[in-house]
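Asks: Got a structure here, written out as structure tokens. Questions coming.
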Amino acid sequence: MRLLVVEDEAKTANFLAKGLGESGFAVDVALNGLDGRYFIEQQEYDLIILDVMLPGLNGWQLLQLIRQRGATPVLFLTAKDAIEDRVRGLELGADDYLLKPFAFAELLARVRTLLRRGPMREAESYSIADLEIDVLRRRVSRGGQRIALTNKEFALLQLLASRQGEVLSRTLIASQVWNLNFDSDTNMVEVAVRRLRAKVDDPYMPKLIHTVRGVGYQLEAPDDAL
2 MRLLVVEDEA KTANFLAKGL GESGFAVDVA LNGLDGRYFI EQQEYDLIIL DVMLPGLNGW
62 QLLQLIRQRG ATPVLFLTAK DAIEDRVRGL ELGADDYLLK PFAFAELLAR VRTLLRRGPM
122 REAESYSIAD LEIDVLRRRV SRGGQRIALT NKEFALLQLL ASRQGEVLSR TLIASQVWNL
182 NFDSDTNMVE VAVRRLRAKV DDPYMPKLIH TVRGVGYQLE APDDAL
């Protein structure tokens, strides 16, 4: 399998290339965002490890380019530890986020987990009251009105719809949508749910996304809306 490492610290980049190479991967290294873009445009990769702070083009810009081209797994590896940065990266479509300094064994385990992850069996569509979710076309509408969602917002809504009526914990949501071990003192899930609600629930009646305090979140229509 071929991986791309985009990291401007040469020592870290070489360390990753050596360790991943010894683990059986073919590895390309880019030391700035422009070289990273060149590799992304010229080569198909099984996974990309991406720093945020890069000369030329930053990690956010490269991630947007990657997502325009497809669904290649992306692991952010960065010293930027603010929750806002993690949320931004994940909402733009990153699959995982590992903070520096890191243990190579953990990075390797995360890489292998992302590479093992297969497509989930899923329904082609969901209908909850007047909310319609077309999974194949990735379209969402409510009351006949189209709603634009980010990739992660769609994934969150799809997860809630696939387990309609169940109360899903914050830990489960973080694991399924972002593939993260969830740190309970962050509000990543709350922020994502709030943004999803603003698009698919707040302007409409009845309310479909429910908070079960101290437990998690639920997507369910009231009995009189079924």
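Going by the working numbering, the first residue of the sequence shown is number 2, and it counts up by one from there.
Backbone N, C-alpha and C fix where the C-beta goes; we use that ideal spot for every residue, glycine too.
Check whether the region 169-177 touches the region 126-137, counting contact only when three or more Cβ pairs, one atom from each stretch, lie closer than 8 Å.
Replies: These segments do not touch.
Asks: Helix, strand or coil: which one does DSSP assign to Val168?
Replies: Coil at Val168, not helix or strand.
Asks: Per DSSP, what kind of secondary structure is Gly217 in: helix, strand or coil?
Replies: Of the three classes helix, strand and coil, the one that applies to Gly217 here is strand, per DSSP.
Asks: Using DSSP's beta-bridge definition, name the partner residues of Gln146.
Replies: BP columns for Gln146 point to Arg143.
Asks: From the DSSP output, in three-state form, read off Val112 for me.
Replies: If DSSP states are grouped into helix, strand and coil, Val112 belongs with the helices.
Asks: Can you tell me which of the three DSSP states Asp86 falls into?
Replies: Here Asp86 sits in helix by DSSP.
Asks: According to DSSP, simplified to helix, strand and coil, what is Arg292?
Replies: Only positions 2 to 227 of the chain appear in this structure, which leaves residue 292 out of reach.
Asks: Measure the alpha-carbon distance for Arg164 versus Pro207 and round it to whole angstroms.
Replies: So the alpha carbons of these two residues sit roughly 19 Å apart.
Asks: Where does Asp224 fall in DSSP's three states?
Replies: Note: Asp224 maps to helix in three-state DSSP.
Asks: Whole angstroms are fine: how far does the CA of Asp224 sit from the CA of Gly53?
Replies: The amino acid at residue 53 is misidentified as Gly; the sequence shows Val. Cα to Cα, Val53 sits roughly 46 Å from Asp224.
Asks: If you measure between the beta carbons of Leu51 and Leu66, is that distance less than 8 Å?
Replies: Cβ atoms of Leu51 and Leu66: not closer than 8 Å.
Asks: Please tell me whether Ala124 and Val141 are closer than 8 Å, where the distance is taken between their beta carbons.
Replies: Against a cut-off of 8 Å, the Cβ pair of Val141 and Ala124 comes out as no contact.
Asks: Rounding to the nearest angstrom, what Cα-Cα distance links Leu220 and Glu167 in this structure?
Replies: Spanning the two alpha carbons is a distance of roughly 7 Å.
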